[in-house]
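Comments concern the structure below.
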């Protein structure tokens with residue numbers, strides 16, 4: 001018996017199919033379980049379908065990840081960092097001098113720097 005080696009595309013489709021079957025079984029949605037079985041059978045029979053489905057799934061994952069990361073970082077910035085900054089500004093005393101020292105250099109200072 002000569003079995004086809006499990007490529008990355010085939011592994012991706014198998015995980016996708018198993019996930020669809022599990023979600024369909026858990027939520028009692030037979031359409032998802034059927035779709036998972038169809039994907040599994042078609043990917044076992046056609047390597048072109050496997051590559052196409054894996055590429056589509058990775059593209060969807062990339063798009064969702066790009067959108068989700070921007071939303072998540074915006075939420076963290078707005079709801080965590082902004083209140084901390086406002087609280088720190090309210091707590092610190094305004095009488096502190098800034099640490100910046102403005103020094104006006106003249107041409108004489110640059111004649112012998114060492």
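In the working numbering, the protein residues as written are 1 to 114.
We put the beta carbon where it would ideally sit given N, CA and C, even for glycine.
None of the values given here were measured: they were computed from a predicted structure.
- The beta carbon of residue 20 lies closer than 6 Å to those of 32, 35, 36 in the same chain, with the five residues before and after it left out.
- Scanning its chain for C-beta atoms nearer than 8 Å, with the 5 sequence neighbours on each side dropped, one finds around residue 17 the residues 36, 37, 39, 40, 43, in chain order.
- Rounded to whole angstroms, the Cβ separation of residue 53 and residue 13 is 5 Å, and the two are in contact under 8 Å.
- Within the same chain, 9 come within 7 Å of residue 51 by CB-CB distance, once the 5 residues on both sides are set aside.
- For secondary structure counted as the beta strand (DSSP E) over 3 or more consecutive residues, the stretch 8-84 holds no complete run.
- The three-state secondary structure of residue 107, taken from DSSP, is helix.
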